Structures are given as structure tokens and as C-alpha cells.
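Top line first, the protein sequences correspond to chains A, B and C. Everything in the first sequence is counted per our numbering, starting at 26 for the first residue and increasing by one. Everything in the second sequence is counted per our numbering, starting at -12 for the first residue and increasing by one. Everything in the third sequence is counted per our numbering, starting at 37 for the first residue and increasing by one. Note that beta-carbon positions come from the ideal geometry of N, C-alpha and C, so glycine has one too. Every value quoted in this text rests on a predicted model; they were computed, and no experiment measured them. A quick write-up on the structure given underneath.
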Amino acid sequence: MDTVKLTIDNREVEVPRGTTILKAAQSIGINIPTLCHFEVDNLGIHNKPGACRICVVEVVGRRNLAPACVTECMPDMIVRTNSMRVINARRTVLELILSDHPNDCLQCAKNGNCELQKLAIRLGVRENPYNGEEHAQSTYQLEVSPSIIRDMNKCVMCRRCETMCNQMQTVGALSAIERGFPAVISTAFNQHLELSPCTFCGQCVAVCPVGALTEVDHTSKVIRAITDEKKTTVVQVAPAVRVALGEEFGMKPGSIVTGKLTAALKALGFDYVFDTDWSADLTIMEEGTELIGRLTKFLAGDKSVHLPILTSCCPAWVNFFEHQFPDMEDLPSTAKSPQQMFGAIAKSYFAEKIGVKREDMVCVSVMPCLAKKYECGRDEFKVNGNPDVDYSISTRELARLIKMANIDFNSLPEEKFDSPLGESTGAGVIFGTTGGVIEAAVRTAYEVITKKPLPKIDFEELRGLEGVRSATIDVDGLKLNIGIAHGLHNARKLLEDIKAGRSHFHAIEIMACPGGCIDGGGQPLHHGNQEIIKARWEAIYRADREMPIRKSHENPSIQAIYKEFLGEPCGHKSHELLHTNYFDKQTTVVVDVEK
Amino acid sequence: MEKIKSLADLKAKREQLQSNLKLREMGDNVDNMIQVKVAMATCGIASGAKQVMETIINECNTRKLPVVVTQTGCMGYCYAEPTVEVKKPGQEPVVFGHITPAKATELVEKYIAGNELIEGIIPVNYEKIDK
Amino acid sequence: MANYKYHILICGGTGCHASQSAQIKENFEKIIVEKNLQNDVQVVGTGCFGFCEKGPIVKMLPDNTFYTQVTPEDCNEIVQEHIIKGRKVQRLLYLDPKSQEHKSDSKHMGFYKKQLRIALRNCGFIDPENIEEYIARDGYKALASVLEQNDPQGTIEVLKKAGLRGRGGAGFPTGLKWELCRKNAADQKYMICNADEGDPGAFMDRSILEGDPHTVIEAMAIGGFCIGASKGLVYIRAEYPLAIHRLRIAIDQAREYGLLGNNIFGTDFSFDIELRYGAGAFVCGEETALIHSMEGQRGEPTFKPPFPAVEGYLKKPSNVNNVETFANVPVIINKGWEWFSSIGTEKSKGTKVFALAGQINNVGLIEVPMGTTLREVIYEIGGGIKNGKKFKAVQTGGPSGGCLTEKFLDTPIDYDNLIAAGSMMGSGGMIVMDETSCMVSVAKFYLDFIVEESCGKCSPCRIGNKRMSEILDKITKGNGTMEDLERLKNLAKVIKDTALCGLGQTSPNPVLSTMDNFWDEYVAHVVDKKCPAGQCRALKQYVIDPEKCKGCTACARACPVGAIHGTVKQPHEINQEACIKCGTCYEKCKFNAISIK
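What follows is the structure, given as C-alpha cells:
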């Protein structure tokens, strides 16, 4: 390999050509502080605008200090990462950043988990030299949307959210506006997020180093619902939550905490603690049946049927195609997401079963996601104004609730989900990562189509973290072409292919967040540590393997509900409760520009 | 418009166009030029100063002489019209009277191009204001 | 074709245009026809003559008479007197302030004497809207010979040997820049002209585009040939409508003559130019920001490398040069590198155009050989300080340049000397300040420009410059402390050391250079709470001398805030707490009893 040798802080180091000073220093244990820099290689996230200038280092022979995050190592370079010139510059720059940042750390959602705060501690900042009345702070309107709160007074212009929104997601809701001191990240024409093409995927929130972008917090509402004696509270927990929540309590990334999580929810006082994995199994029954139906008609030459079928369990992805590809709305499966299927069943079948009126039931979901907050507020998921799912809280909010309730999470004895909406399979668990939904669907479709048991349950060819993956599954002679994309820029590629008639897929799974739900916008912050993503990903498949039943159609509770309530998959009742339709949400801004 | 297709084309075009700017090029270097003034008041024009001026300009052009030709008002020598004043760089101006087109050619040939005085010099008997 | 005996050249630059030069041209044309002189007199609108202080300028040829401050009403007299009667209109000639003599030939005027016009060679000489006049002045000859020789590397060598450096500010060797771009193979490359002139007061690029657009087109084509680009882009400020208009005409004409388009001069080389309009962001003069802006991205710089020569417009190798740089190229090729490199200093060859402004007699656009001293520029060309005041400082390099004092007056101007002196060449703004300028306020003025124009990308520039400006504001209001000065100095150094692009790295220069050269003035503001130049309003004190005051009450009646008290025919007094320092009393006093402290 082509390498270069250089000296960093009097130590020689040899790195591949093209390595940045930052990474070269890291390789010998020198940790140069950064702020705007954000890279997660295995998810293809790269934000290195070289904007904050915290990582500046001295390169002997250069006039100015060099940003370590973007400066490539050159042969015989002599780098000083800790000379007093560097320290003074770094600290002065940090003081400047802090001088335009509110000092309300105590109430900030990021208190204790803020990269700027950590930096201030690390560089020993003890005073704000710019606190006189002559020094202004930039002020912006606080904006609260259904999922995301934008408090741009706290923005440090690291541009991470912009990178996520534009490069990773190709949504284009957020970008820098204005210039100079008032420069800030905003929507086009400073419009409300809901009027922008925002999908509420929350990836901007997931990467924000400070408290500028945070989730809408529903913990207070949940507490009030639990304390309201007239209400029966039902909670569901999404698959990806169980492989990440432990991180909030100091556990090793990848710890599976299903039992403790259930115990904690019970301790919090929820009346019924159920599992979204159950409704994930239900989703497979509906979506799988829809796939088989469409596929059969398609193969029989029915021109009114279009393929590929696209999964529809990711609400940010649904928002994305409603905004960007509304003319393709006949492609996604009409099946609701597991969250909404759960809510619809909980407030009908289950409410009836326990004799509670729909209005007296509060359905809470714990999700790795922020788009779920938006999703549960959609009008089509309400009956007479009463939503199927009342509140969706993120993994982070649940952690906050548990801490608030003084529950010692680590020493909790494990408990089991309640019945009947708590029984699930390994197929439901793998919904939590990219490739999981389609693998679960294939496990069921295979057996339904062939009426034969699967020779091998694990479809390794569908797994991985590559942005776009494809595989051909041999279903007893029928070659099923499967596509998988995560990260909306990858989804866009596949959609453009379909539009241009270049797609050969029969079914495509799409997850808005890179990595799928394990890296959702509502998960514990990983601060760019890709090992955490990898550990969560492995944990999902481990949890799948540990399940006694691993195919959705074998879930006895699912079989039971079809028998006693729903009838058959994609039947009349299913259509009423478990399927939905999509809307054209194209954002058009009419700008009157004189020629 | 015919397109310019080669260096030769451009050269031809330039040569054809250059004369248009000759006047301005001269102005850029007016101190080192021979300045010729033709008196063009009524008296001068009546006695043929216009033709004289044309002749001088044409003769100088064909000989490629560095000469700035301008007109001026009545010099006061109405008896000797048309009159022409020639000022060579660093020399006092000399005024010639009774210049006909034929004499103008001689003036260019002998005095302006060479340095030979010709007949018809009018002695300068006033102080010039405009130098 | 008419054999004109006279040419009347009328300046059509933006400055003269604004003072009715179009009307003047129209009047001349009308009068010429009325007097039946249309076969003898040609009326030509040209580009800028540079002497904007005295515009509108009308130049008469062949006798090279230079009329200043001409009004449309003067046209008749000029035709009648100058052309018909051969008498110069004395009152319109330039009056030399020293000798009090009228100068008729611009060459004898101090303003032009020391100038050498290379980049501006055609400005004020040809009709910019007529390609034929450009061709007559050796136009497109350089392109033709470059194409005929068919040796792009050889042409690059010529530029390298000539020593031409970028006139946009940084002074990077042009030949080397072209060579770097040439070396990167690609299916498409771009030759980009940076016409996003943004320095306050600088207008050389505009003047060149308005006065000689073809030279830029020709140079871009030469550059395109050398680097292997078939597309040229001019990024020009939308606020330059006249330059855009003339450039468009010039491009159309060049296409019509086959000098742009396919197979130029019958060779394989094809080249065409498109215009892109900038929205007036100073930072878009920075090449990476300029490229992003052209791509439809936010106009902000990115870290180099990759340099545009590797990854530029649409990720293709691109070369960006400034207008003035381009304007030098055809001449160098026509006259040879030996000629060009004989002009200037050791490391800075050729000439530089400066926009001379401020407290100086001759405001305008000048072009001088590199190595001319500031003294020559200010006192000989600029005609010295206005109203006989004392010279205090000259600010070069635009908002990110520095202020130089008397001790630098004899420094030969070139890239390296200016940097050594704590300023820079920049695009060539030169603002002269007299003794009444407060250097703290001057630093704040420039800094405020940067605060407005920073793109906001990197923290030192976005926040640091704002903080510096706030501290300077505090100082000019009399609230500064010595600690503030220290903080200011540290901030300036750190911003210079850490900012992302050239704009940010040079933004503290006005502060640093004024602190270096006028430290006492800062201290006076901070310690004595005095502004030595008497400019800082908050530090002024109006005082009534009881000896001189007659008690006429004029001041007390005029004071808008009732801060002056006293009885009639008794000395009055100003209540300093209430005084808003508007200066009305000072103006009203007939007895010079009020002084400013």
C-alpha cells in the first residue's frame, strides 16, 4: 500500500496515503478534539466541512494552523497537536463558539450528553470573555414540529444535520441560510418544518452535537396518562429499542435488555406491556400476503399490477415517497406500519377483550424513531379524532423516564411481555435493522408459496450494512429478486431506477435511517462511534436466534387473532384496520422571480 | 459577417481596420509628432483650404508620416490664404501662405518629409497663446 | 469609408455614465450632423479613462486634448471652438493644482505621467462595443498566434517566464496555475473568469470589462487552449449591468467573427463563453466559493485541497483567474515575456491597477508599474492629500488589507513588500486617509464589512470578527479597557491563524495593522478616553470658552436637547451629561467660543 511517514508530536507514524492528520494521530493514541467533524464509515456518513476549527494543529512550515480533520498527511510532515500556539487558538475558538451559545445547560435536553459541553470541560474553559452588554448573541425563533424541536440559538454550525438531510437522505429540508454572524441552518424560506419536505427521520437530531435539534419530549404526557386512574395504559416496544436502551445505563453496546425493559415498563406503571414485534409478525402476514398476491397476478401477466412492492413500515420513508415520488404511490404495500397495526388492534380487538372503551385507553409506543411521533398523529390513524397510538416516545425518552422514576435498571429482574399482544417471533425482532423486514417476509412467503418448510432460516445474503444490497432468492424455482436500501439517498437510487424502467426487483425493503431502526433518530446517541452501530446490528440477529419461534406465521397469538377476529390476511377486516393509503405531499414553493 | 478563419485573415482584417484608429494612436504620442494646422476660417475655406487639408492628410498617409493634421481658425493672414502652420517637435512653428493643393504636396514632400523650406513662409509676428 | 479628421472619445465608464456621458455623446452626434461634419468627425463611446474625479471626460483626437467635467451643454462650444476654429476650450482643460496651469494633453498631467497602461491599454481608447476597433489594436492576434504555434505548454512557459501573477489578490503565478490544470486529464475542463469584484471602492475589473471586454474573451480562449478547456465561464456580479451588457455584445461579436465557437481560426480548437451572475457576496470572489455558487450551491469556501485545478466546477478541473490577470495575457503574448518581465520588481512583474480613493485630490483608476512607491502614487498621481491636510495612512488590499503609515511611503509596491509591511495587494483598492481619520474607526469600518460579508461557515470568522467589531465599538464609545486591547490582539491573531479561507485569514489585517502602527491612538481611546482625530463622537467634548463667549444665546437656542445654560450676555455652559455631541452649537457660535476637546 502507498503510505506516508510523518511525525506527530515527536512520534513517527506511517499511514496510508490520503489519511487525515486527525486519523493518523488517532492511530497512535493522540486524540485531537473535534466538534463539527462527524464520520461513521460503515454507514457512509461523512461530515467534514472543516468549519469549527477546533481541531487545528500546527504543521511546521505552514503559515496558518491546519484543520486536522481535513488535512491529509504528507511525507515528512511535522505536526504539533499540542503546542501553546495550538492550545491558545483552540481555546479562543471554543470561547468564541460558547460566546454565541445560550448558557442554559441545566434545562437543555442534551445536558450531560453534549459534545460542546464535553469540549468545554476538556479545554478547561472557565470564563466567557464576551459577556459584556456589547456582545450580541444570535437569536432565532424556536420551532416545534410534531417530532423535532429546532432551537437554533444553540446551533454551532457544524453542518452535520445539513449533511444528513442532504447527502445521506437527499431530503433537502435543512440547509444553511443567511451569512456572517446570523448564518444558521434552516428550511427554505425559513418555513415551518411541516411545510418543508422533512420526513421527520430524525437523523439530524441523531447527529446534532448540541441541543439545537432535539426530539419533542412526551414523557410528561406519558406520566400524566399513567397517573390518570380512568385510563388504561398500553405500551408497545419496538424491536430496535431492546438492543440499544442498555447503553443509556452504562451497559455494553449490543446488550439485549428485553427482560429488564419489560420490567422497567411495568415498574413505571403501564397497565399492559406489549411488544411491537407482535405487530411486526402481523405486518408480515399482511404484507407477505399482499406480495404473494401481487406477484402471482404479475406473473400471470396482469398489467394492472405493478412491481416491485415496497415495504411501508418505516414512516420516514413513507413521508419521503409522499413528498418526492407521489406518482409512485401504487408501489408501496398498503400495510400499515407495525406501530399503527398495534394501535389499531389494541384499541379494537384488545379493548373489546378487556372491556375498555377506546377513549379510555392510552396507547404508548416506545420507538427508536422520531418519525413515529409524526406518524401516530396522522389523521388517517384516528377514529373520531382519537388516535390509535396516543404517544410515541423515543428510546432516549424512555431512558429518561426510567432514570426519573429512580429505577435501578441494571439490577432489575427480567420479566416477560403480557399476553396476547406480547408474543412474538425472531422474524419480528429483525425488523429492527436493514434487511430484516424483507428477510422476515421471505421466511413466511417461502413457506406459504411452497407449502414446504424452509431448509435454512437465516438468509445471510440479505444481511449487511451496505447502502444498497440485492439478492435473488430461489423459492422453489421461482426466482425472487429482492432489493434493500437504507439511508434515503440509497432509496432514491432504487426509485429512480424503477422510474426509468431499469429495476428488476420484485420486492424492495426500504429503511430511511442508515442501518435501519438500530440507528434511528430516537436511539441513544452514538456520537459517531461505528462500533456501537455494529454491536446493535449483531445483537438484533442474536436476539432472533434466541427466539424459539422465528417465522411470523408460526406465532400462535397471530394465528389466534386471525381465527377469532381478523379472518384472513388481507381480508375485509384487515383492510379496515391494518391497511392504509398514501397522499401526494409534494412541496412546491412558488417563487416569483423576475427574469 | 464573414468569419475570420486564419491568422492571415485576421492580419488582413487588422490592416484594413487599423487606419481607423491611426488618428487615436497618433494622439497617444502627440508631442513627438509633426503638427500641421490648416486655417479654416471663411477666408481660408473660400480660397480652398478644405482641399489643401485633404491633400496634406492624404499625402502624409501615403508617405506614412507621423503628422497630426488639425484645422484652426483664422490666423490673421487673410491676404495669404490658404495658410498652413507646421510645427515640428522641438522647433518653432513655421507658417506657409498661398498653399494650393499642388503646393501642399510640395510642402509635405519637401518640408514635412524632408527639412527643406519652400516658398511662401510668413514671418511670425505675434506671440502665440495656445502652445 | 469616411476618412475622419477628428475623433471625439467620450468616456462611457459607469462613473461618467452616471454623470450624463450618454447625453454628451448624443449631443455631439447631433451637433456634428447639424454642422455637416459627419464625414470629418467620429464620435466614439469608450471605456473608463481612469480619472473619475474629473469626469465626464471627453478626449479630442488627433491632438489629444483632454477635457474634464464636461456637461452636455458644453458640446456645442467644443465643436465650435475646438473643431471648427481649432481653439481649445480653456475652461474645460485640466487645471494643474500646483502650477495653476491648464494642461491640454493628458500626458502632461500628474495623474497620467507615471502611469503605464497595460491591462487598461484599450480602456478609453477604443469603442468597447465594436470588435473591429479591438482587432485594429492587435486584438485576437495573440490567440491566433497561440493557436498557430499549437504549443500550449510553450504558451504557459511564456507566461511563467513573464512572471505574471494573479491580480485578484493572492498573487499566485498564472502560468503555474494553468500548468497545474493542464496536467489533470479530464473529458471536460473549465476556464473561469472571476469578475466578482467585491472590494469596496475597487472597480478595475468592471472598468476592463466595460472598456475592453474582448481582451478578457481573447485571454480566456488562450487559457482554454492551454489547459484544454472548451468552455469558459464568467462569474460576474449582477450589480454590473453595463459590464454585463458590453460583455454580452462582445461575446456575440466574437462568435459572429468566428473568434468564439467551433474550430477557431480553422483549427481543432473550439471554445465558447457563458456568463454566470453572482448576487454580490464578497466571499464568492474566493475561488472555491465562486465555483460552489456557480453550481447553485451556497457560496461558501471549502478546504483546499482539492484545488479547483483538480476538482473544480462540477468536479471537473477548472482554472479561475481574475479579470485584470486575463487582461495582461494577450499583450504578454504579443510583446513577449522579455518585455513584460522587464517591467516591475524582481518578484512582481508588470503593472497593477489601483482604485485610488479617499482623502486624495485625484480619485480614480490608475495603472502603474510594480515597484512604484506609495509616495509616487499618492503625491504625484494622486495629487496629494485633499485640502492641504497631512497624510496619515493608506489602506491597501481592500477590507482585508492593512493600513500603512508614512514610514512605508517609499516602499516599492509589490506583492511581497505589501505583505511584509502588514498589508496586501488584494485586488488593488487604495484608500488614502488624512490626519482627521480615526484609525480605530477605520479598523472598525473594514471589520464591519467583513462581519457583513463573512459566509458564516467557520467559527473564527463568523463569531470572532463580530466579537472584534463589538470590542472596537466599545473602544470608540470610550468604554474600552487595556484588557480589551489585549483580547482584541489575541482574537486577531487567532482568527488569522485558524480561519478557513483567505477572507477570514486576512480579515483581522485592518485591526492588526492599525494596532501595530497606531497603538498610541488605541491607548488614547482606552486610557485617556480621547479620540486624537476627533472622530469618535462619544469621546468628543464641546466646551465653551467663557473668555470668548458673549452670551448671545445662539447656541442655547439651537441645542436640540437643552444642554446649554446661561443668562443673556453672560458666558454659557454645556452640561456634558446631557450633551449628545451633535455639533449644532459649534456651528452656530459666531465668536469661535466653542471648541471640541
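Helix, strand or coil: which one does DSSP assign to residue i?
| i | result |
| --- | --- |
| C:I396 | strand |
| C:C625 | coil |
| C:S266 | coil |
| A:N411 | strand |
| A:V473 | helix |
| C:Q606 | coil |
| C:Q571 | coil |
| A:H126 | coil |
| A:G453 | helix |
| C:H601 | strand |
| C:P435 | helix |
| C:E374 | helix |
Taking 7 Å as the CB-CB cut-off, is residue i touching chain C?
| i | result |
| --- | --- |
| B:Q58 | yes |
| B:T17 | Note on identity: in this sequence residue 17 of chain B is Val, with Thr being the wrong assignment. Yes, because at least one Cβ of chain C sits closer than 7 Å to the Cβ of B:V17. |
| A:V81 | yes |
| B:L104 | no |
| A:G205 | yes |
| A:T44 | no |
| A:D253 | no |
| A:I70 | no |
Would you say residue i lies against chain A (beta-carbon separation less than 7 Å)?
| i | result |
| --- | --- |
| C:I488 | The sequence shown places Glu at residue 488 of chain C, rather than the Ile named in the question. It does: the Cβ of C:E488 has a partner Cβ on chain A nearer than 7 Å. |
| C:E506 | yes |
| C:R273 | no |
What are the boundary residues of the beta strand (DSSP E) that residue i is part of?
| i | result |
| --- | --- |
| A:S670 | The structure shown does not extend to residue 670 of chain A, since chain A is modelled only from 26 through 620, so no value can be given for it. |
| A:E621 | Here chain A covers residues 26 to 620 and nothing more, so residue 621 of chain A does not appear. |
| C:I21 | Residue 21 of chain C falls outside the range modelled here, since chain C spans only 37 to 633, and no answer is possible. |
| C:N358 | S354 to N358 |
| A:P41 | R36 to P41 |
| A:H552 | Per DSSP, A:H552 belongs to no beta strand (DSSP E) and is neither H nor E. |
| A:I509 | L503 to H511 |
| C:E292 | That residue, C:E292, is in no beta strand (DSSP E); its alpha helix (DSSP H) goes P277 to E292. |
| A:I427 | Looking at the DSSP string, A:I427 is not in any beta strand (DSSP E); the run it does join, the alpha helix (DSSP H), is T420 to M429. |
Label residue i either buried or exposed according to how many other C-beta atoms from any shown protein chain fall within 10 Å of its C-beta, with 16 as the threshold for buried.
| i | result |
| --- | --- |
| C:K225 | buried |
| A:D27 | exposed |
| A:A117 | Looking at the sequence provided, one finds Thr at residue 117 of chain A rather than Ala. Buried is the call here. |
| A:Q548 | buried |
| A:K588 | exposed |
| A:E601 | exposed |
| A:V169 | exposed |
| C:Y349 | buried |
| A:D125 | buried |
Determine, for residue i, whether the minimum Cβ-Cβ distance to residues of chain B falls below 7 Å.
| i | result |
| --- | --- |
| C:G122 | yes |
| C:A180 | yes |
Can you give me the start and stop residues for the alpha helix (DSSP H) that residue i sits inside?
| i | result |
| --- | --- |
| A:H71 | Element bounds for A:H71: not the alpha helix (DSSP H) but the beta strand (DSSP E), I70 to N72. |
| C:N526 | M518 to T534 |
| A:L286 | T283 to L293 |
| B:Q3 | L(-6) to G14 |
* For the segment 505 to 514 of chain A against the segment 577 to 585 of chain A, are there 3 or more C-beta pairs whose distance is under 8 Å? -> no
* Give a yes or no on contact between the segment 564 to 576 of chain C and the segment 506 to 525 of chain C, applying the rule of three or more CB pairs nearer than 8 Å. => yes
* Kindly confirm or deny that the segment 113 to 121 of chain C and the segment 163 to 183 of chain C touch, where touching means at least three C-beta pairs closer than 8 Å. => no
* Touch test, the segment 592 to 600 of chain A against the segment 131 to 141 of chain C, Cβ-Cβ under 8 Å, three pairs minimum -> no
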